[in-house]
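Converting from the sequence shown to the numbering used here requires adding 15 to each position, the first position being numbered 1.
So the structure is just underneath, and the comments pick up after that.
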Amino acid sequence: IIGAIAIFEDVTKVHRLEQAKSDFLSTLSHEIRTPLTSIKGYISLLLHPKGNFDQPTKKEFLETIDRQADRLVRMIEDLLDVSRIEMGRIQLKRQLIKFKPLIEKVIVNLKPKVTAHSFRINFPPKFPEVWGDPDRIEQVLTNLIDNAIKYSPDGGVIEILGKEVNGQVEISVKDEGIGIPEKHLPYLFEKFHRVDTALTRKTGGVGIGLFIAKSLIELHGGKIWCESEVGKGSKFTFILPISLRKHENTNHKFL
């Protein structure tokens, strides 16, 4: 033997992703089974020959079935989005986006989940518009504000801030919640990653919302990141370029 070649490969990330994938499949099974069990149970009660329920009770059962069905649809849509992102088939239907009305719409839609929270929208006058897909940006904002609600169980102020920085808009969602341990911050936007705490196990989720948010922001030419401290809350921020190129194809396909 006159020589040798040694190849070293760090498989730590591979193992971590494999573990995250395994945890994701386990969590997904649980998350799907929970609403299905609820739907099946209430339907069985309504169909039972001895079930003599008054109208308000029937209405309550049907509303629960409707909420759980919506929960399943959201999970399926998220999984489909992950598949579209990985295959490069996300389509952006671009138009001018006015952020303040869009944020107000998201807050109204999330109001049923609000307990002791209050909202503060802090934007300067004449805030710039962005040439992007309002439905996809609404999806990002919904994810960030919904997380702020879920992970600040004691309530507090959820603040949505906007400012213009060097030809870009910067949008932040800030809460007064439980915060995120520093060791998790580098992996927050990875697919399947979840911060495992008693609260996250209680609130549910399968760990793909932030991955989707990051992918959608990057498709718009932007960036997203998080600053957080345990016990003091979290602040998620994304930036998007200011662009008024109305001549762009409004149904552009990113490959």
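Glycine included, C-beta positions come from ideal geometry on N, C-alpha and C.
Small disclaimer: the values here were computed from a predicted structure and weren't measured.
ARG89 is classed as exposed because its beta carbon has fewer than 16 other beta carbons within 10 Å across all chains shown.
When the alpha-carbon of GLN110 is set against those of THR52, GLU144 and GLN154, the nearest one is in GLU144. Between the region 114-124 and the region 134-152, the count of Cβ pairs shorter than 8 Å is three or higher; the stretches touch. Pairing GLU101 with LEU255, the inter-Cα distance amounts to about 22 Å. Judged by DSSP in its simplified three-state form, HIS132 adopts strand. Per DSSP, the continuous beta strand (DSSP E) segment holding SER187 begins and ends at 183-189. By the C-beta density criterion, VAL245 is exposed, having fewer than 16 other C-beta atoms within 10 angstroms. Nearest to PRO168 by alpha-carbon distance, out of GLU197, ILE160, THR130 and PHE251, is THR130. Residue environment for HIS208: buried (at least 16 other C-beta atoms within 10 angstroms of its C-beta). The continuous stretches of beta strand (DSSP E) do not include GLU233, which lies in the alpha helix (DSSP H) extending over residues 224-234. Annotated three-state conformation of GLY103 is coil, per DSSP. Around ASP69, the same chain offers no residue with a beta carbon nearer than 8 Å, after the five sequence neighbours per side are excluded. Distance between VAL123 and ASP96, taken at the CA atoms: about 24 Å. By the criterion of a C-beta distance shorter than 6 Å, GLY248 is surrounded in its chain by ASP190, GLU191, GLY192 and GLY194, once the five residues flanking it on both sides are discounted. In terms of Cα proximity to LYS128, the closest of LYS165, PRO140 and LEU107 is LYS165. Residue nearest to GLU185 within the set THR252, LYS198 and THR157 is THR252 (criterion: CA-CA distance). Rounded to whole angstroms, the gap between the alpha carbons of LYS65 and SER59 is 11 Å. When secondary structure is reduced to three states using DSSP, ILE175 falls in the strand class.
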